[in-house]
């Protein structure tokens, strides 16, 4: 028997990407501004996002001014004067404690000393889960029953370190683009925050989720009603991109230096979450996709950061106590690809199992992403050709030409055309695309403006490009 209905074939990847780009531009340029104009909480969120660079360990010395003021208020003494109301008494930090207080302290010392240092409530163990779904769907499972007394769940935006929103306006479909097309996150990622720091992030409170995560952008049913929307906090940080891997093919690992940097990035994110009073958060396999970080190394790094040494023990190498994330109750790793989620769970250990979530993707579902990479290459080639024509510096033009030839070679191999150059992996294609983005970023300014060597990104290894020459009048 034949088919009762005519089969519906998929449009070519380039057309699908153009459609997504138009839909994303409509949402970002029309829908999001309308929401900000009508919702004061969302508007305040976009205006008050903050860039936090290299946060230190949580301690009394590094607490925020508001925290210090709150602590001072708790310890302060107040006096009441006639006609002047209640005022804080003037004291100096050097004031000694009263004599009777010293006597009480000396009498209290003894075999029951430890009782005075026990916490009022025992510390709850951190709950860690791995869910095969997207970030927003995972955040919806962490919503508190009473939103007035409990903070929002916080999600990690695995952001592009170069541009706000990554390639959302070009139709890209990675995690950051997914978030920016369904929430009010993008207006909070101010241009002045970029390039994002190696250790640090942008923290945005009260980001509104207004579109259903599991429906495409063009589906009218994807627009959530007012009562169906929810709020999340977002920490946007850039991961390690295209590290140098060590070891045999198929068993490559991060080097010691890169592994340390990955842990420092993760630790900076966790410090920010703790400073902001986050109780539940959604993380991910940060950098394990297109950026080329091995899933095993990412999982082990998260385990090292989240589950430090037992209380009281010291890190033998660093000679310091491990940081503990007090106040954090639950962490969910949202990994949409089931195979990657299983690899992540095996490497993470600790008895954490993979839970089936809505919208999980099997291994074969990544075919469309491969096709989209080819379209991304074509787009970057066209942009690079236009930018090269505007370059006056001979060495800079030569370097960009080499990158352009590499992009063309990768595209030819994807299309099945023989090429003199070979492609080692998809990650190399992604790397050259990112290098082209960095080169274009440096060329966005006027060609007549001098450029300091320290501000120019490397195109190849440690080679620093010289200043751009100025065209004679």
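Residue numbers (this note's numbering): 856 to 1328. The beta-carbon is built from N, C-alpha and C at its ideal position, and this holds for glycine as well. Predicted, not measured: the structure shown is a model, and the values here were computed from it.
Burial state of residue i, where buried means 16 or more other Cβ atoms lie within 10 Å
{"i": "residue 1120", "result": "buried"}
{"i": "residue 1010", "result": "buried"}
{"i": "residue 1342", "result": "This structure does not reach residue 1342, given that the chain is present from 856 up to 1328, and the question cannot be answered."}
{"i": "residue 1101", "result": "exposed"}
{"i": "residue 1061", "result": "buried"}
{"i": "residue 1144", "result": "buried"}
{"i": "residue 1247", "result": "exposed"}
{"i": "residue 1112", "result": "exposed"}
{"i": "residue 1253", "result": "exposed"}
{"i": "residue 1257", "result": "exposed"}
For residue j and residue i, the rounded distance between their alpha carbons
{"i": "residue 874", "j": "residue 1026", "result": "7 angstroms"}
{"i": "residue 1052", "j": "residue 900", "result": "21 angstroms"}
{"i": "residue 1042", "j": "residue 868", "result": "28 angstroms"}
{"i": "residue 1107", "j": "residue 1197", "result": "18 angstroms"}
{"i": "residue 1086", "j": "residue 1072", "result": "19 angstroms"}
{"i": "residue 866", "j": "residue 1028", "result": "16 angstroms"}
{"i": "residue 1207", "j": "residue 1245", "result": "54 angstroms"}
{"i": "residue 871", "j": "residue 1077", "result": "18 angstroms"}
{"i": "residue 1181", "j": "residue 1193", "result": "31 angstroms"}
{"i": "residue 987", "j": "residue 1045", "result": "31 angstroms"}
{"i": "residue 1114", "j": "residue 1185", "result": "25 angstroms"}
{"i": "residue 1016", "j": "residue 1049", "result": "7 angstroms"}
{"i": "residue 878", "j": "residue 887", "result": "12 angstroms"}
{"i": "residue 1090", "j": "residue 905", "result": "10 angstroms"}
{"i": "residue 1153", "j": "residue 1047", "result": "29 angstroms"}
{"i": "residue 885", "j": "residue 1036", "result": "12 angstroms"}
{"i": "residue 1122", "j": "residue 1092", "result": "12 angstroms"}
{"i": "residue 1321", "j": "residue 1250", "result": "Residue confidence for residue 1321 is low, a pLDDT of 40 falling below 50, so the modelled location carries little weight; the figure read from the coordinates is stated next. The straight-line gap from Cα to Cα measures roughly 8 angstroms."}
{"i": "residue 1204", "j": "residue 1240", "result": "48 angstroms"}
{"i": "residue 1007", "j": "residue 999", "result": "7 angstroms"}
{"i": "residue 1095", "j": "residue 1135", "result": "24 angstroms"}
Bridge partners - residue i, DSSP secondary structure assignment
{"i": "residue 1078", "result": "1066"}
{"i": "residue 1136", "result": "1009, 1186"}
{"i": "residue 1108", "result": "1101"}
{"i": "residue 1088", "result": "1009"}
{"i": "residue 1059", "result": "1089"}
{"i": "residue 982", "result": "1185"}
{"i": "residue 906", "result": "1057"}
{"i": "residue 1038", "result": "1064"}
{"i": "residue 1210", "result": "986"}
{"i": "residue 1335", "result": "Since the first residue shown for the chain is 856 and the last is 1328, residue 1335 is missing from the structure and cannot be characterised."}
{"i": "residue 1014", "result": "1093"}
Residue j beta carbon less than 8 angstroms from that of residue i
{"i": "residue 1329", "j": "residue 1149", "result": "The structure shown does not extend to residue 1329, since the chain is modelled only from 856 to 1328, so the question has no answer here."}
{"i": "residue 910", "j": "residue 1178", "result": "no"}
{"i": "residue 876", "j": "residue 1024", "result": "yes"}
{"i": "residue 1233", "j": "residue 1266", "result": "yes"}
{"i": "residue 1063", "j": "residue 889", "result": "no"}
{"i": "residue 908", "j": "residue 1142", "result": "no"}
{"i": "residue 891", "j": "residue 1161", "result": "no"}
{"i": "residue 1262", "j": "residue 1236", "result": "yes"}
{"i": "residue 1058", "j": "residue 1131", "result": "yes"}
{"i": "residue 1189", "j": "residue 1137", "result": "yes"}
Short CB-CB distance (under 8 angstroms) between residue i and chain D
{"i": "residue 882", "result": "The structure shown contains no chain D; it holds only a single protein chain."}
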